[in-house]
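In our numbering, the protein residues as written are 31 to 203. Positions of the beta carbon are idealized from the N, C-alpha and C atoms, including for glycine. Inspection log for the structure reproduced underneath, given as structure tokens.
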Amino acid sequence: MAHTRTKLILLAALFATAGCAHKRPKILPPSAGDAPVTDNSGANGGDSNGVVVPGSAQDFQRSVMSDTIHFALDMSDIDATSRSILDSQVAWLTKWPNRRITIEGHADERGTREYNLALGDRRANAAKNYLAAKGIDPSRITTISYGKERPIALGSDEASWAQNRRAVTIVLQ
31 MAHTRTKLIL LAALFATAGC AHKRPKILPP SAGDAPVTDN SGANGGDSNG VVVPGSAQDF
91 QRSVMSDTIH FALDMSDIDA TSRSILDSQV AWLTKWPNRR ITIEGHADER GTREYNLALG
151 DRRANAAKNY LAAKGIDPSR ITTISYGKER PIALGSDEAS WAQNRRAVTI VLQ
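Given below as structure tokens:
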């Protein structure tokens, strides 16, 4: 019986350590002295030379005042600063009438998940309605609310909360 028990223990140990065997990675890191590989595919709106492609998401980032507007606590009103930012987005969207955008609404960490999703929705729709009132076809604009789920600042203080109360315009590819 002791001999069988020893065999079972050794067999269990063999199976347990088999999963820990070192496996070769599918992609090897560069060896010392190799030049790093860069992605020049142009996926972010640049060509292989790093030149910004007109009408791309990178062109939007470069051309507008900002892709983000901010809101006061528990508010979804567009203030003067946000109007200026959105006006610069209107100019770009007017220049590129075939480009579609998504506006993401965000909230700070305070409040329930459900409340912040609704608040983020109101913020995204406030930005959408402003753009539409300035002549941008609403069918080009989709909205989504992330509520408090995607903070840009992780602190639990007023400065962090102020950064998280926002709507962000994303140009779709």
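How would you label residue 201, buried or exposed, when you count the other beta carbons within 10 angstroms and need 16 or more for buried?
buried
Who are the near neighbours of residue 85 in its chain, counting only those whose CB is closer than 7 Å to its CB and skipping five residues on each side?
126, 129
If you draw a straight line from the C-alpha of residue 165 to the C-alpha of residue 119, how long is it?
The C-alpha of residue 119 is placed about 12 Å away from the C-alpha of residue 165.
Any idea if residue 103 is buried or exposed, counting beta-carbon neighbours within 10 angstroms, 16 or more meaning buried?
It counts as exposed.
Is the Cβ-Cβ distance between residue 90 and residue 153 less than 7 Å?
It is not a contact, given that the beta carbons lie outside the stated cut-off.
Let me check one thing: in DSSP terms, what residues is residue 99 bridge-paired to?
197
With a CB to CB cut of under 6 Å and the five nearest residues on each side skipped, what residues in its chain are close to residue 98?
196, 198
Could you compute how far the alpha carbon of residue 139 sits from the alpha carbon of residue 189?
12 Å
Pair within 7 Å by beta-carbon distance, residue 175 and residue 141
no
Could you give the residue range of the alpha helix (DSSP H) that holds residue 150?
That run of the alpha helix (DSSP H) goes 143-163.
In chain order, what residues of the same chain have a beta carbon less than 6 Å from the beta carbon of residue 112, not counting five sequence neighbours either side?
99
Distance, Cα to Cα, residue 109 vs residue 80?
35 Å
Ignore the nearest five residues each way along the sequence and tell me which others in residue 61's own chain have a CB closer than 7 Å to its CB.
At residue 61 the pLDDT is 44, less than 50, meaning the model places this residue with poor confidence; the figure from the coordinates comes in the next sentence. No residues qualify anywhere along the chain.
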